[in-house]
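Visitor: Take this structure first; my questions come after.
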Amino acid sequence: MTPRDSTCILHRGDGVVGIGHIARFAPDSMLAADVWWEEFCADLENETELPGVYGTGPVAFGSFVFDPDRTSARSVMIVPRTIVGRRYGISWITQLSYGDVDDDPPMRQMLPSRPHIDDTHPGTIDDDRWLQLARQAQELFFSGGIEQLIIMRDLLVGCTAPIDPRWPVALLTKLFPQSWTYLVSGTIGTTSKLLAQVRDDLITSRALTHAPRQHDSTECHILDALTGQGPIAAEHTQTVESVRRTLASFSKSWHRPQHPGIVTAPDGNYLASDITGVADGSASSLSVAANIHPTAFVTGTPADRARAVLSEAEEVDRGRVSGPVGWIDTMGNGQWLSDTRGGQIDATDPSRIHLFTGIPISSSTTPEDMAEDLRTRVRVLMDVLNAH
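Numbering (my numbering), first residue to last: 174 to 561.
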């Protein structure tokens, strides 16, 4: 990877890395991006020694805004000039050009250096304002059928020199090898939320549900949920059913595990179920992701109603954080991710990064307890930035 023009999606030592670009597109929607990519591929001359192999050949990376109706950010699609992939110990390289293709592999790069953090301060809202919003959400919105609402808080971090994005990528892959680490046009983070994957004839989406905050009865609640009992299990079942209904539109058959598993992270635990379907061939990974987003994991429950409420209740412009991010190949295969935390390196001042994180607000927990949980998540983000 190079310091300024690289993209990547990495998971368990495998993944795809892009260097440079031969095309960029700022789509108004994911479906518009899907049409653009299909038309781009139709005009593409492509020779490969791995025909039809998942993730090989030309690839486009994408990073999409969370809500196009309330953001100043723009979605982006990038077709890299050089693509390096690795899976199951096998690596490959793809070179793209409008003229002669460079036969030489990418040059080795110097290792990235860790920047020194110069200042940290609240972004659009501070801790006190988030607490006010949490109280308002409980008082005003849950009477309207909202069970949970994910309200974000943001933080601005300044460094003494431009941030080399390879440094947080290397750090995140080291600290969270079981998660997907992503970097696309300055949007950076790590997540366990697989929004949509299409691999040959199989579609997969991971339903994630926020587990309760840490207290004496947390483990008992989680154990109940893992056996399909209790309110957390009921909430997770609702999320799974929402994903299943969407996948049914693109699948000839589908499968979900009888009981969820658990994903652990420094800032909390999550119930997880991987729902799979046999693809009917009608949709690409990008169009599947477009139909699943936004999920309850990044909005609240029920997802569509929570998203509508967020347009009034949330004061932070998430931009491309918690929007779908991922890649797609010429066959429509690909992986798309999302999360409730992440960062955006400032495009005009790369020495600054805008951090975001959020937690679910519910009627069963006091706003003060939720605010303390959020402070813990903010501390986790800062601990990651300060790690060596």
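For each residue, glycine too, the CB sits at the ideal point set by N, CA and C.
Because the structure is a prediction, the values reported are computed rather than measured.
For A438, which beta-bridge partners are listed by DSSP?
Guide: Bridge partners of A438: G441.
Visitor: Could you pull the start and end residues of the beta strand (DSSP E) that P295 belongs to?
Guide: Run containing P295: I290 to P295, per the beta strand (DSSP E) assignment.
Visitor: With L329 as the anchor, note down where its beta strand (DSSP E) starts and where it stops.
Guide: Per DSSP, L329 belongs to the beta strand (DSSP E) from Q321 to C332.
Visitor: I want to know whether the region 455-474 touches the region 402-416 - three or more CB-CB distances under 8 Å.
Guide: Yes, the region 455-474 is in contact with the region 402-416.
Visitor: Quick one: any contact between the region 477-496 and the region 329-336, if contact means 3 or more CB pairs under 8 Å?
Guide: The region 477-496 is not in contact with the region 329-336.
Visitor: Could you pull out every residue in the same chain whose Cβ sits closer than 8 Å to the Cβ of T549, ignoring the five residues on either side in sequence?
Guide: D440.
Visitor: Could you compute how far the alpha carbon of G531 sits from the alpha carbon of M504?
Guide: So the alpha carbons of these two residues sit roughly 35 Å apart.
Visitor: Who are I518's beta bridge partners in DSSP?
Guide: DSSP output for I518 lists I526 as bridge partner(s).
Visitor: Please list the segments of the beta strand (DSSP E) lying wholly inside the region 244-313, counting only runs of 3 or more residues, in order along the chain.
Guide: Listed in chain order, they are 249-252, 255-260, 263-268 and 290-295.
Visitor: Where does L444 land, buried or exposed, given buried means 16+ other C-beta within 10 angstroms?
Guide: Counting Cβ neighbours within 10 Å, L444 comes out buried, since at least 16 surround it.
Visitor: Starting from the Cα of T255, find the closest Cα among E414, Q305, D277 and D299 and give me that residue.
Guide: Nearest C-alpha to T255: D277.
Visitor: Going by DSSP, what residue range makes up the alpha helix (DSSP H) through T539?
Guide: No alpha helix (DSSP H) contains T539, which DSSP labels as neither H nor E.
Visitor: So, at 6 Å on beta carbons, what are the nonlocal neighbours of L348 in its own chain, with the 5 sequence-adjacent residues on each side left out?
Guide: Around L348: no qualifying Cβ.
Visitor: Can you tell me which of P285, W265 and H383 puts its alpha carbon nearest to the alpha carbon of W340?
Guide: Ranking the options by Cα distance to W340, first place goes to P285.
Visitor: If the criterion is Cβ atoms closer than 9 Å, does the pair T449 and S511 meet it?
Guide: For T449 and S511, no; Cβs fall outside 9 Å.
Visitor: Taking just the CA atoms, how far does P253 sit from H527?
Guide: Their backbone Cα atoms lie some 25 Å apart in a straight line.
Visitor: Return the bridge partner residues of A233 from the DSSP annotation.
Guide: Partner(s): I501.
Visitor: Could you have a look at K347 and say whether DSSP puts it in helix, strand or coil?
Guide: Three-state result, K347: helix.
Visitor: Report yes if the CB atom of L562 is closer than 9 Å to the CB atom of S365, and no otherwise.
Guide: There is simply no residue 562 to check, as the chain begins at 174 and stops at 561 in what is shown.
Visitor: Could you tell me the alpha carbon to alpha carbon distance between R185 and T346, rounded to whole angstroms?
Guide: Using only the alpha carbons, I get a separation of about 8 Å.
Visitor: For D389, does the count of other Cβ atoms within 10 angstroms reach 16, so buried, or fall short, so exposed?
Guide: Here D389 scores only 49 on pLDDT, less than 50, and its place in the model is too uncertain to base an answer on.
Visitor: According to DSSP, is H428 helix, strand or coil?
Guide: Strand.
Visitor: Whose C-alpha, out of I263, F423, S458 and D522, is nearest the C-alpha of V451?
Guide: It is F423.
Visitor: From this set, I298, G188, R302 and L306, which residue's C-alpha is nearest Y227's C-alpha?
Guide: The candidate whose alpha carbon is nearest that of Y227 is G188.
Visitor: Between the C-alpha atoms of I191 and V257, what's the straight-line distance to the nearest angstrom?
Guide: According to the sequence as given, residue 191 is Gly; it is not Ile. Rounded to the nearest angstrom, the two C-alpha atoms are 6 Å apart.
Visitor: Within the present structure, is the beta-carbon of D512 separated from the nearest heavy atom of the ligand ADP by less than 8 Å?
Guide: Ligands in the displayed structure: none, and consequently the ligand ADP is not present.
Visitor: Report the rounded CA-to-CA distance for R562 versus L322, giving the unit in angstroms.
Guide: Outside the modelled stretch of the chain, which goes from 174 to 561, sits residue 562, for which no answer is possible.
Visitor: Can you tell me the Cα-Cα spacing of R243 and T297, whole angstroms?
Guide: So the alpha carbons of these two residues sit roughly 14 Å apart.
Visitor: Output the boundary residues of the beta strand (DSSP E) element that contains G225.
Guide: Here G225 belongs to no beta strand (DSSP E), and DSSP marks it neither H nor E.
Visitor: Would the beta-carbon of D502 fall within 9 Å of that of G272?
Guide: Cβ atoms of D502 and G272: not closer than 9 Å.
Visitor: Any idea if A307 is buried or exposed, counting beta-carbon neighbours within 10 angstroms, 16 or more meaning buried?
Guide: Buried.
Visitor: Q282 and T175 look like a contact to me (Cβ under 8 Å); what is the Cβ gap, rounded to whole Å?
Guide: About 6 Å; that satisfies the 8 Å criterion.
Visitor: Express the C-alpha separation of D299 and R260 in angstroms, rounding to a whole number.
Guide: Rounded to whole angstroms, R260 to D299 spans 42 Å at the Cα level.
Visitor: Quick check on M250: buried or exposed, where buried means 16 or more other Cβ atoms within 10 Å of its Cβ?
Guide: Classification of M250: buried, given that the 10 Å Cβ count is 16 or more.
Visitor: Excluding five sequence neighbours on each side, which residues of the same chain lie with their C-beta closer than 7 Å to the C-beta of A199?
Guide: Cβ within range, chain order: R247, S248 and V249.
Visitor: Considering only the beta carbon of each residue, do W303 and L547 sit closer than 9 Å?
Guide: Against a cut-off of 9 Å, the Cβ pair of L547 and W303 comes out as a contact.
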